[in-house]
Amino acid sequence: MRLETRRLLEQLITPRQACIGAVFCSYTFDPAYFEEQVLRTLLALSSDPDEDGTRYHAEARAALRDTPVACFVDASVRQGGRRLPYDLHLVRKRTFHPKVTLVLYETEARVAVGSGNLTRPGHERNVELFFTRVLRYDDPVAVVMLRQLDAFFGACLSLAASDGTQLQAARQALAARIAGSPEPAASAPRDASFISTFESSALRSLAEALPAQATLRRVGVLSPFFERDDLAIADEREGLTSVLSELLALRRHPPGEAPALELGVPWEDAPLAPPAAAVLPALAPGLWAWRRARESLGGDEPVAQVAYIRVEKITGKQVFAVDAGERSQRLDRAEFEAALADHQLWPVAPPKVHAPARILQRVAKEHQLQLWLQPTATLAGDGRPLLRPLHAKLFLITVEHRGQTSTYALVGSANASRAALERPVAEGGNVEAGVLMRFDGEVRLRDLLQSLVASSLGDVQLEERPAPESELDLSAWIEDAVHDAEARTLTIVWASAGPKGLSAWQLSYLGRAVASGAGPATEPTLVTDFDLEPASAELALLASDRCWMIPIRVADLAQLPIQAGLPAPDLRALLAMLGRRVGSERLATLWQQRGPSGVAAILESLFGDGFGPHDVFKAWWGLRQEIEDSTTVASLRHRLVGPTGARTVWKRLCEVPETELARDEVWLYGSELVRELRQANLADGPDRPARAELLAALVTELCADLAQREPPGDAAWLDDVRAFYRGRGPRS
């Protein structure tokens, strides 16, 4: 059995359908990579963030208005640099360690659960392991996993500081598509199950998956961290010892047949070239590295690689060795010595392995222990050195039951530590997530990762990792920073408790101070005349000569300006854009180049001294078309109540002085708007009822306004107009 090697993003996208929502969970988080690589791919953005940042940002904002995106990340290790207004939930109450991605499409969802963070190393450089699958909404078994994921995201939200808006929209889109799915038949095959530490510990989930009377034969653990849990060092007496003991005791075993244990660990000092030496080393037993060429799959030029072998015996003409996978080899001694003389073969010093020596030595006294090393350094096809650190996490439990051998696998985020495996969230454990699977037969670590190199405890140098220093995070005092785009305000909500040491502080946005004080505030801090610029969606907290970045949450994405830097459009600009006579990008360019006069000039060329019924009705037709083209609740809401939506343009009409626009004329335009809205044929889809409800609510609101503005009198022509807009024919 071998794993498929592909970029994760390639497995999350489909060219056949547009993304309608996405939720991400990560421990570390790089917003620049997420926005310019992940979001750009998922949302099918065509602009280049480097070559045309303004257009890219406008396109991304428009896409996010239509497609809800939410991220959960651990607050203690995320990076700054966020620019786009997706929801970013910071988790501080627990170590937040899951790596989960759910991307929604119209007829299916795509999920990835594994080890890689939302960073370039996590998606492109490290050795990572993910479970990926296409989950169709019409498959009851797939819907079971989708409901598990939905419940998981709801539990994540309970640990976040604020609710946000985008997660709810994404979950509603999912709920609309799986609401009517029946429970799967009892006979339906289920080969994978999503688990998290919200329900129970990972060890308990593993134990419950195994047959009660099974015999445990082998345990495999692949993990970059054994003695610590990313930032929290595990206690040697109950950390790895307890985890391995629990794994090895998941099921019984016959006396004298203790299950074997294999550990896959990073080999961080794996060499790619021989050390400088004046004298060639002598040929002797031990671990050797051999830089040699192998044929490429495409049949082109040979590809360089470094192979590791262990020499066991040397005779006059032959060298007896075992390769990285423990297969015996007989090598020609002359060839061996020629490679040695050519500096393509060299002895390797004992590898350094970060793991607690005494714990592993105690385990080895009771169990057969096989060590597997994953070289961090490797060679690209053209011979360039590459660093690919092991970051994958995998647990393999091989059992026998009723004469059959099976292997149960847990792929996910959990390292081999007590906080990750033994404790659920309710008992102070990490938030972890994974997928449990079962395979026929025995599956070992090297069956899945061919680059592992066999070793043993006696052949490596075991070292403890230094404990990381605990960092002060004064940004924990800021619970939320909420931007109301319609009111142009920013509200900073302070936490009721936080770390000590916050004295004098300043909050700034793009280098401009927006608030300052001494000590934590007891009431929310309100910043007025605030606009979210394309360059940043973060506040900077300056205190104690340090800086922390705080994400700004947009209360309502539908209210964000259609173009950053373009003031709210007046009535003429709205009519021109809705009537598709000029685009928002063109108006923004004119504003930047020539200011208000540039925008006024193009509007005067379109409308002259003023607009007429044809201009208004053409705008209503364009608005109706946009409403009919809206396939998600978020996109429809933007067309109804956003800066260029139906409610906004109606409000602008009502604000025109009666000396410029008669009250009867406003009523007529409003009646025509309601008529167009009522006749809009909403796109089909599972959430069509929700979209219809939104549209009906706005129509009701507009009708109430029109009732207050209805012209007085009972003239026959007026009755005919009223009857026309109320759906009745004219009087005979």
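Count along the sequence shown from 1, then add 1056; that gives the number in the working numbering. Ideal placement from N, C-alpha and C gives every residue a C-beta, glycine not left out.
Just to confirm, are Pro1431 and Gly1342 a CB contact at a threshold of 7 Å?
-> no
To which residues does DSSP link Tyr1565 through a beta bridge?
-> Arg1568
What separation, rounded to the nearest whole angstrom, lies between the Cα atoms of Phe1673 and Arg1650?
-> 30 Å
Since Lys1408 is in the beta strand (DSSP E), which residue starts that stretch and which ends it?
-> 1408 to 1410
Counting Cβ pairs, one atom from each stretch, are 3 or more of them under 8 Å apart for the segment 1497 to 1509 and the segment 1316 to 1325?
-> yes
Separation of Ala1591 from Tyr1112, as counted between CA atoms | 12 Å
Spatial neighbours of Pro1786 in its chain, beta-carbon cut-off 7 Å, leaving aside the 5 residues before and after | Any reading at Pro1786 must be qualified, since the residue scores a pLDDT of 36, below 50, and its modelled position is unreliable; no value is offered.
DSSP-derived helix/strand/coil call for Tyr1464 | strand
Which partner residues of Pro1322 appear in the DSSP bridge assignment?
-> Gln1430
Would you be able to state if there are at least three C-beta pairs under 8 Å between the segment 1414 to 1424 and the segment 1232 to 1244?
-> no
Do you know offhand how far Asp1379's Cα is from Pro1177's?
-> 29 Å
Could you check which residue in Arg1440, Ala1326, Ser1564 has the C-alpha nearest to that of Leu1508?
-> Ala1326
Can you name, in chain order, every residue of its own chain whose Cβ lies under 8 Å from the Cβ of Ser1559, other than the five neighbours on each side?
-> Ala1574, Gly1575, Ala1599, Ser1600
3-residue-minimum beta strand (DSSP E) runs that sit fully inside the segment 1214 to 1267, ordered along the chain | 1248 to 1252
Report yes if the CB atom of Leu1595 is closer than 7 Å to the CB atom of Ile1606, and no otherwise.
-> yes
Own chain partners of Ser1257 with C-beta closer than 7 Å, once the 5 adjacent residues on each side are dropped | Leu1477, Glu1478, Arg1479, Pro1480, Gly1485
Go ahead and label Lys1155 buried or exposed: buried means 16 or more other beta carbons lie within 10 angstroms of its beta carbon, across all protein chains shown.
-> buried
Does any residue of chain D bring its CB to less than 7 Å from the CB of Ala1225?
-> Going by chain labels, chain D is absent from the structure shown, which holds only one protein chain.
Tell me whether Val1722 sits in a helix, a strand or coil according to DSSP, three-state version.
-> helix
Contact check, Ala1675 vs Leu1634, beta carbons under 7 Å | yes
Please classify Asp1122: does DSSP put it in a helix, a strand, or coil?
-> helix
Buried/exposed call for Leu1566, threshold 16 Cβ in 10 Å | exposed
Between Glu1092 and the rest of its own chain, which residues show a CB-CB distance below 7 Å, the 5 nearest in sequence each way excluded?
-> Pro1105
Given Leu1582, which residues of its chain have a CB within under 7 Å of its CB, disregarding the five upstream and five downstream residues?
-> Thr1545, Thr1547
Excluding the 5 residues preceding and the 5 following Phe1663 in the sequence, name in chain order all residues of the same chain whose CB lies nearer than 6 Å to its CB.
-> Arg1628
Going by alpha carbons, who is nearest to Arg1233 out of Gly1077, Gln1648, Gly1220, Glu1313?
-> Gly1077
Heavy atom of the ligand ZN within 6 Å of Met1493 beta-carbon = In terms of ligand content, the structure shown is empty, and the ligand ZN therefore cannot be addressed.
Between the CA atoms of Ser1727 and Pro1768 - distance to the nearest angstrom = 15 Å
So the alpha helix (DSSP H) Gln1517 belongs to, where does it begin and stop?
-> Here Gln1517 belongs to no alpha helix (DSSP H); instead the beta strand (DSSP E) covers 1517 to 1519.
If you pair each beta-carbon of the segment 1488 to 1498 with each one of the segment 1456 to 1469, do three or more pairs fall below 8 Å?
-> yes
What three-state label does DSSP hand Glu1162 in the structure shown?
-> coil
Residue span of the alpha helix (DSSP H) that contains Ile1606, given as start and end | Careful: Ile1606 lies outside any alpha helix (DSSP H), inside the beta strand (DSSP E) at 1602 to 1607.
Within the same chain, show all residues whose beta-carbon is closer than 6 Å to that of Lys1408, passing over the 5 residues directly before and after it, in chain order.
-> Asp1325, Gln1517, Glu1519
Test item: CB-CB of Pro1445 and Asn1182 under 7 Å | yes
Span of the alpha helix (DSSP H), counted from its first residue to its last, around His1457 = Counting along the chain, His1457 falls outside any alpha helix (DSSP H), though it belongs to the beta strand (DSSP E) covering 1450 to 1457.
Continuous alpha helix (DSSP H) stretch holding Ile1415: start and end = 1413 to 1422
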